[in-house]
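These protein sequence lines map, in sequence, to chains P and E.
Position 77, counted from 1, in the first sequence is what this note's numbering calls 77; the numbers after and before it change by one each time, with no gaps.
If you count the second sequence from 1, you need to add 1000 to reach this note's numbering.
Ideal Cβ placement from N, Cα and C applies to all residues, glycine included.
Bear in mind the structure is a predicted one, so any value in this text is a computation, not a measurement.
Encoded as structure tokens, the structure appears first; notes follow it.
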Amino acid sequence: AQSVTQLGSHVSVSEGALVLLRCNYSSSVPPYLFWYVQYPNQGLQLLLKYTTGATLVKGINGFEAEFKKSETSFHLTKPSAHMSDAAEYFCAVSTMNRDDKIIFGKGTRLHILP
Amino acid sequence: EPEVTQTPSHQVTQMGQEVILRCVPISNHLYFYWYRQILGQKVEFLVSFYNNEISEKSEIFDDQFSVERPDGSNFTLKIRSTKLEDSAMYFCASSAETSGGGTGELFFGEGSRLTVL
């Protein structure tokens, strides 16, 4: 079975500072990994995903994540935080099985300090 | 850009009443899902649906829940007799079949907020 652990339910960074949101996964088979963002009162939007190939994945809004198999991690980073980045971020995992669901982590709320 | 649409955006109901939440997935997608998010908690998988039948369901998806694709475009979630603990945001999602099988990107709707009084 797959699972996702997100370290830190709340993370605060100053505007312009590095954003680092941590995600570790557990999967018995090679995973697909995702980061979704949820802005207040909105649905879930895909930021980026890793399936195969290059382990450093670039997404929208300047975010990127690196798949590290040895560490079973898929941390999300952004070099310089912007006020508009304030949102809830969910790491998610799936397997390569057809029509398999994705499993979400508990989410990390990112606060941007002026 | 194609999107998943959900109605209603917010529904308030009395405990014990039946509720139907509606979703229109992206037209060429083949896999459909319902997730829920209780306020302040994680997004939880409820059920997946493919080829007109349930593929997988979680322990949350008990006999009070059912899903249907009645007309080839809508995908509905029915809660037969709502309980207070069913209050949550319900997200519909759909995905296309990838060439190699497996789950690609799930496209989510904006959610239907259910409040059970």
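Any idea if residue i is buried or exposed, counting beta-carbon neighbours within 10 angstroms, 16 or more meaning buried?
i, result
"Asp1063/E", "exposed"
"Met1089/E", "buried"
"Gly1111/E", "buried"
"Ile1038/E", "exposed"
"Ile103/P", "buried"
Counting contacts by CB-CB distance shorter than 8 Å, is residue i in contact with chain E?
i, result
"Gln2/P", "no"
"Leu47/P", "no"
"Ile103/P", "yes"
"Leu33/P", "no"
"Gly53/P", "no"
"Gly8/P", "no"
If you run the structure through DSSP and keep just helix, strand and coil, what is residue i?
i, result
"Ser1099/E", "Note that Ser1099/E scores a pLDDT of 45, beneath 50, so its modelled location is shaky and nothing firm can be said."
"Asn1052/E", "coil"
"Lys68/P", "strand"
"Ser14/P", "strand"
"Asn61/P", "helix"
"Glu88/P", "strand"
Using a Cβ-Cβ distance cut-off of 8 Å, determine whether residue i contacts chain P.
i, result
"Lys1078/E", "no"
"Ser1081/E", "no"
"Phe1075/E", "no"
"Gly1109/E", "yes"
Select from the options the residue whose C-alpha is nearest the C-alpha of residue i.
i, options, result
"Ser84/P", "Tyr25/P, Gly107/P and Gly62/P", "Gly62/P"
"Glu88/P", "Phe67/P, Leu48/P and Tyr36/P", "Tyr36/P"
"Thr108/P", "Val1024/E, Glu1003/E and Val1043/E", "Val1043/E"
When every heavy atom of the ligand PLP is checked, does at least one fall within less than 7 Å of the C-beta of residue i?
i, result
"Cys23/P", "Of the ligands one can find in the structure shown there are none, so the ligand PLP has no counterpart to examine."
List the residues of chain E whose Cβ lies closer than 9 Å to the Cβ of residue i, in chain order.
i, result
"Phe90/P", "Lys1042 and Val1043"
Residues of chain E with CB closer than 8 Å to the CB of residue i, please, in chain order.
i, result
"Lys106/P", "Gln1041 and Lys1042"
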